[in-house]
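Visitor: As numbered in mature numbering (1 follows the signal peptide of the UniProt record, and there is no 0), residues -23 to -1, 1 to 690 make up the sequence shown, in order. In this text, a Cβ means the ideal position worked out from N, Cα and C, and glycines have one as well.
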Amino acid sequence: MPRSMAVAAAALVVLAALHTSAAAEIQRKEVSYDGRALIVDGTRRMLFSGEMHYTRSTPEMWPTLIAKAKEGGLDVIQTYVFWNVHEPVKGQYNFMGRYDLVKFIKEIQAQGLYASLRMGPFIEAEWKYGGLPFWLHDVPNITFRSDNEPFKEHMQRFVTQIVNMMKHEGLYYAQGGPIIISQIENEYQMVERAFGSSGSSYVRWAAAMAVSLQTGVPWMMCKQDDAPDPVINSCNGLTCGETFSGPNSPNKPALWTENWTSRFLTYGSDTQLRSPEDIAFAVALFIARKKGSFVNYYMYHGGTNFGRSASSYVTTSYYDGAPLDEYGLIWQPTWGHLRELHAAVKQLSEPLLFGEYSNFSLGQKQEVHVFETESNCVAFLVNFDNSQMSSVTFRHISFQLSPKSISILSDCRRVVYETAKINAQHGSRTALVVQSLSDIDTWKAFKESIPLYVKKAMYTTSQLLEQLSATKDETDYLWYTVSHEYRSSGDGQLVLLNVESRAHIVHAFVNNQYIGSVHGSHDEGDNIILKMPISLKEGQNTISLLNVMVGSPDSGAHMERRVFGIRKVTIQKGKQTQLLNNRLWGYQVGLFGERNYIYTQEGSRNIEWATINDTAYHPLTWYKATFATPAGNDPVALNLVGMGKGEVWINGESIGRYWVSLKAPSGNPSQSLYHIPRQFLKPQGNILVLFEEMGGNPRQITVNTVSVKSSGK
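(1) Alpha carbon to alpha carbon, how far is Ser688 from Glu162?
(2) Counting Cβ pairs, one atom from each stretch, are 3 or more of them under 8 Å apart for the segment 488 to 505 and the segment 461 to 473?
(3) Rounding to the nearest angstrom, what Cα-Cα distance links Phe361 and Tyr296 in this structure?
(4) So, under 8 Å CB-CB, Thr396 and Glu254 are touching, yes? Tell me the CB distance rounded to an integer number of Å.
(5) CB-CB under 8 Å to Tyr564, same chain, minus the five flanking residues each way: which ones, in chain order?
(6) Among the residues of its own chain, which have a CB less than 7 Å from the CB of Leu330, if the five just before and after it don't count?
(7) What residue from Glu462, Thr452, Thr407 has the CA that sits closest to Asp611's CA?
(8) Sort Tyr275, Tyr277, Tyr274, Thr293 by Cα distance to Phe283 and report the nearest one.
(9) Please determine, among Ala614, Lys424, Gly516, Ser286, the residue with the shortest C-alpha to C-alpha distance to Thr452.
(10) In angstroms with no decimal places, state the Cα-to-Cα distance between Ser512 and Gln555.
(11) Take Lys449 as the anchor and find which of Tyr179, Gly528, Ser415, Gln377 has the nearest alpha-carbon.
(12) Shortest alpha-carbon distance to residue 691 belongs to which of Ser26, Leu42, Phe172, Phe81?
(13) Per DSSP, what kind of secondary structure is His30 in: helix, strand or coil?
(14) Within the chosen definition, does the segment 385 to 395 reach the segment 319 to 335 through at least 3 CB pairs nearer than 8 Å?
(15) Can you tell me the Cα-Cα spacing of Gly516 and Phe121, whole angstroms?
(16) Tell me the rounded alpha-carbon separation between Thr588 and Val411.
(17) Look at the Cβ atom of Met276, then the Cβ atom of Glu28, and state whether they are nearer than 8 Å.
(18) Verify the CB distance criterion: does Tyr31 have a CB-CB separation below 8 Å to chain D?
(19) Counting only runs that start and end within the segment 327 to 393, where is the beta strand (DSSP E) found for 3 or more residues in a row?
(20) Would the segment 50 to 60 count as touching the segment 248 to 264 if we require 3 or more Cβ pairs under 8 Å?
(21) Nearest to Pro380 by CA position, among Glu48, Gln549, Leu358, is which residue?
(22) Can you find at least 3 beta carbon pairs, one from the segment 172 to 189 and one from the segment 109 to 126, that sit closer than 8 Å?
(23) What span of residues does the alpha helix (DSSP H) with Gln444 cover, start to end?
(24) If distances are taken between C-alpha atoms only, which option among Val637, Glu164, Phe604, Asn616 comes closest to Asn628?
(25) Kindly indicate which residue of Thr192, Glu103, Met167 has the alpha-carbon position closest to the one of Lys144.
(26) If you draw a straight line from the alpha carbon of Val495 to that of Leu597, how long is it in whole angstroms?
(27) Less than 8 Å between the C-beta atoms of Pro607 and Val685, yes or no?
(28) Ignore the nearest five residues each way along the sequence and tell me which others in Ile653's own chain have a CB closer than 7 Å to its CB.
(29) When you compare only the Cα positions, how much space is there between Ser426 and Glu571?
(30) Within the same chain, show all residues whose beta-carbon is closer than 6 Å to that of Ser9, passing over the 5 residues directly before and after it, in chain order.
(31) Let me know the secondary structure DSSP gives Pro224 once reduced to three states.
(32) Under the DSSP definition of a beta bridge, which residues are partnered with Gly614?
(33) Answer yes or no: do Val66 and Trp112 have a C-beta to C-beta separation smaller than 8 Å?
(34) Between which two residues does the beta strand (DSSP E) containing Arg22 stretch?
(35) Confirm, please, whether the CB-CB distance from Tyr149 to Leu78 is below 8 Å.
(36) With respect to the beta strand (DSSP E) encompassing Ser512, which residues constitute its N-terminal and C-terminal limits?
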């Protein structure tokens, strides 16, 4: 063969090889599933996932958070998609700043992890209105989350918008992106019965709609036993190894979409931490009993409910006890103990994903689960006894099992991990005061105006309005003002004001004088009653009621029918009761300070701030101070001990609601430290503005840096 022909032939061979390689590469970019696992590029995968929400941290925090998750042994980052931040006004979209979903997904990809995208678009998530935009409430003839044409139209439009955005950016795995699975709807089975046949038909529609979008990756529905094929039904909860009935088809894998690492916190409650031993036990049991191959920690990093994003009574700090705390610091020993679990399970993934499965009893409260191939064997020795050690014999070897524990055996002989044995170092978190704001000259105050004249209100009507219909969930506050003519009978009888409200707090004023407040709680529901003696003058009196919502609801059937606000007002004197419901009421939506943006630098210049009185801290007062950014890189937080209830802004950015005066059963506030992302700060002259509802003392506020240190085992 001439040399030129030989070279050409060799070139053809190389090109053919390259073509074959490229074709194989394209072919490998696919995700499917079978009865054991998600299959990525033709291989079953054991996947550990961590939930973190892009809306609850800042873009500057994302790389570090994701890197720490990867270091902790995770393969996947899972997040909800938050409809109400992306489409706050119908047809107007926002994907900027911490709402930049594409940037978040690309950061996951840049660090070599997969992504799980939970579309919802109802998400619950302890997020206001369950993630639904409030404008849906005003769509004619709408019924949320049902076989209802107006709702389905808007839901399909938004889900399609997100899917097309992901496709445009090449973010689905089939395109070379990181998204390997998506979720449609969220825990719908909990409310499905309330909708009758419309509920089951809605489930079928939602599944078919999602699949029709051709993302190239599987879809799942969590807590949905009747998820239609090919959608996978998955489990949410604390103990899915015990409670999950399993996939509804032998061809679907066992997925755990929410393994709760602690519990979300509400104002008036104490923190509920979950031990790392308990989390690890639950994960190991799910893998052993259910042949589970996908576990997602909810949350792996909870973050911060900035602004008014938290749902009813939920604290600004979210899942602070997760493996990465609110500030993104590693929470030990949870992070380290789970990291060791992930390493052990992945080392043994081949028999777990391909081995023959068997199980049998080792005692009254002990059992073993075995996964065996020709070359390897894995066993899970389970002790359900919460109080006693247990001695068991398995394959002629004696093992000592700690109370409520699982020992994982390689080769069915050697213990490689014990859920009850902590090897990771313990850590403790401290908040160091770097600046006290106790100097009275530091502070300026502005008194929020109280509506005194019905006819000067924003609008008037002879009925009590439903709050969310009036505020559109754009503010926590709605003023109700009414005039009442009083004629004294001279008998000295007590006059009582009675207010019944479906909300969270009512502040009452008579003739511009504060008379008192009443509040509810997360556990007691939304019905509250204020009953207080009042002093009335002869003639016309003005009663001003500030009705406050500490977040909108995030769940439940027929959310569009939920009503809030003041429902009944009476004046009682002796045996006589006057109903004021049908009087002429004046309404003011929100606060003067909100409408005039006095929490921003520009807005604060447009009002006259006064010096504060060292002995009197009044309700409904705005406070302003400045402070310098602490040196270093440690996270920054405000300690608001001494304050009551309100909201706080830093350089115009709301870092969330606070309610320090409401004590938990322990006698402590549910939350006193409030995270300030360093991205919200400038080197000097940071403007701190608070709106205080109840009369707290701002001179007790301190600026702190937060850090963790190891304290040994």
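Guide: Looking at the atomic coordinates:
(1) Working through the sequence shown from its first residue, we reach residue 688 at position 711. Working through the sequence shown from its first residue, we reach residue 162 at position 185. Approximately 43 Å between the Cα atoms of the pair.
(2) No, the segment 488 to 505 does not touch the segment 461 to 473.
(3) As a working note, residue 361 is residue 384 in the sequence shown. As a working note, residue 296 is residue 319 in the sequence shown. Roughly 27 Å separates the two Cα atoms.
(4) In the sequence shown, residue 396 corresponds to position 419, counting from 1. In the sequence shown, residue 254 corresponds to position 277, counting from 1. The pair is a contact, with the Cβ atoms about 6 Å apart (cut-off 8 Å).
(5) Looking up residue 564 in the sequence shown gives position 587. Closer than 8 Å at the Cβ level, and outside the excluded window around Tyr564, lie Ala434, Met435, Tyr436, Thr437, Thr438, Leu442, Ala447, Leu455, Trp456, Tyr457, Thr458.
(6) Taking the first residue of the sequence shown as 1, we reach residue 330 at position 353. Closer than 7 Å at Cβ, skipping near neighbours: Arg13, Ala14, Arg21, Met23, Ser270.
(7) If you number the sequence shown from 1, residue 611 lands on position 634. For the residues Glu462, Thr452, Thr407, the minimum Cα distance to Asp611 belongs to Thr407.
(8) Taking the sequence shown and counting its residues from 1, the one referred to as residue 283 is at position 306. Ranking Tyr275, Tyr277, Tyr274, Thr293 by Cα distance to Phe283 puts Thr293 first.
(9) One-based indexing of the sequence shown puts residue 452 at position 475. The shortest Cα separation from Thr452 among Ala614, Lys424, Gly516, Ser286 belongs to Ser286.
(10) One-based indexing of the sequence shown puts residue 512 at position 535. One-based indexing of the sequence shown puts residue 555 at position 578. If you take the alpha carbons of Ser512 and Gln555, they lie about 16 Å apart.
(11) Here residue 449 corresponds to residue number 472 of the sequence shown, with the count starting at 1. Among Tyr179, Gly528, Ser415, Gln377, the Cα nearest to that of Lys449 is on Gly528.
(12) One cannot answer for residue 691 here, as it falls past the ends of the chain, which runs -23 to 690.
(13) Locating residue 30 in the sequence shown gives position 53, where the first residue counts as 1. His30 sits in coil when the DSSP states are folded into three classes, being neither helix nor strand.
(14) yes
(15) Counting from one through the sequence shown, the residue named residue 516 turns up at place 539. Counting from one through the sequence shown, the residue named residue 121 turns up at place 144. If you take the alpha carbons of Gly516 and Phe121, they lie about 48 Å apart.
(16) Numbered from 1 along the sequence shown, position 611 holds the residue referred to as residue 588. Numbered from 1 along the sequence shown, position 434 holds the residue referred to as residue 411. Computed Cα separation, rounded: 24 Å.
(17) Start at 1 with the first residue of the sequence shown, and residue 276 comes out as number 299. Start at 1 with the first residue of the sequence shown, and residue 28 comes out as number 51. A contact, by the Cβ cut-off of 8 Å.
(18) The chain labelled as chain D is not found in the depicted structure, where only one protein chain is given.
(19) 333 to 340, 343 to 349, 354 to 360, 367 to 371, 374 to 378, 382 to 387
(20) no
(21) Translated into the one-based positions of the sequence shown, residue 380 becomes position 403. It is Leu358 whose Cα lies nearest to the Cα of Pro380.
(22) yes
(23) One-based indexing of the sequence shown puts residue 444 at position 467. Gln444 -> alpha helix (DSSP H) spans 444 to 448.
(24) Looking up residue 628 in the sequence shown gives position 651. Closest by alpha carbon: Phe604.
(25) Sequence index remark: in the sequence shown, residue 144 carries index 167 (1-based). Nearest option by C-alpha distance: Thr192.
(26) Residue numbering aside, residue 495 sits at position 518 when the sequence shown is read from its first letter. Residue numbering aside, residue 597 sits at position 620 when the sequence shown is read from its first letter. Roughly 15 Å between the two C-alpha positions.
(27) Start at 1 with the first residue of the sequence shown, and residue 607 comes out as number 630. Start at 1 with the first residue of the sequence shown, and residue 685 comes out as number 708. Their beta carbons are not under 8 Å apart, which means Pro607 does not touch Val685 by this criterion.
(28) Locating residue 653 in the sequence shown gives position 676, counting from the first residue. Excluding positions up to five away in sequence, the list reads Val613, Ala614, Leu615, Ile627, Ile632.
(29) Here residue 426 corresponds to residue number 449 of the sequence shown, with the count starting at 1. Here residue 571 corresponds to residue number 594 of the sequence shown, with the count starting at 1. Their Cα atoms are separated by approximately 12 Å.
(30) Along the sequence shown, one-based indexing puts residue 9 at 32. Around Ser9: Ile16.
(31) As a working mapping, residue 224 is identified with position 247 in the sequence shown. Coil at Pro224, not helix or strand.
(32) Residue 614 sits at position 637 when you count from the first residue of the sequence shown. Residue 614 is actually Ala in this sequence, not Gly. For Ala614, which the question treats as bridged, DSSP gives the partners His652, Asn681.
(33) What you label residue 66 is simply residue 89 of the sequence shown in a count that begins at 1. What you label residue 112 is simply residue 135 of the sequence shown in a count that begins at 1. Yes, the pair counts as a contact, with Cβ atoms nearer than the cut-off.
(34) The residue labelled residue 22 in the question sits at position 45 within the sequence shown. Counting along the chain, the beta strand (DSSP E) containing Arg22 begins and ends at 20 to 22.
(35) Against the sequence shown, residue 78 aligns to sequence position 101. Against the sequence shown, residue 149 aligns to sequence position 172. Cβ distance not < 8 Å, so Leu78 and Tyr149 don't count as in contact.
(36) Start at 1 with the first residue of the sequence shown, and residue 512 comes out as number 535. Premise fails: Ser512 is in no beta strand (DSSP E) and is neither H nor E.
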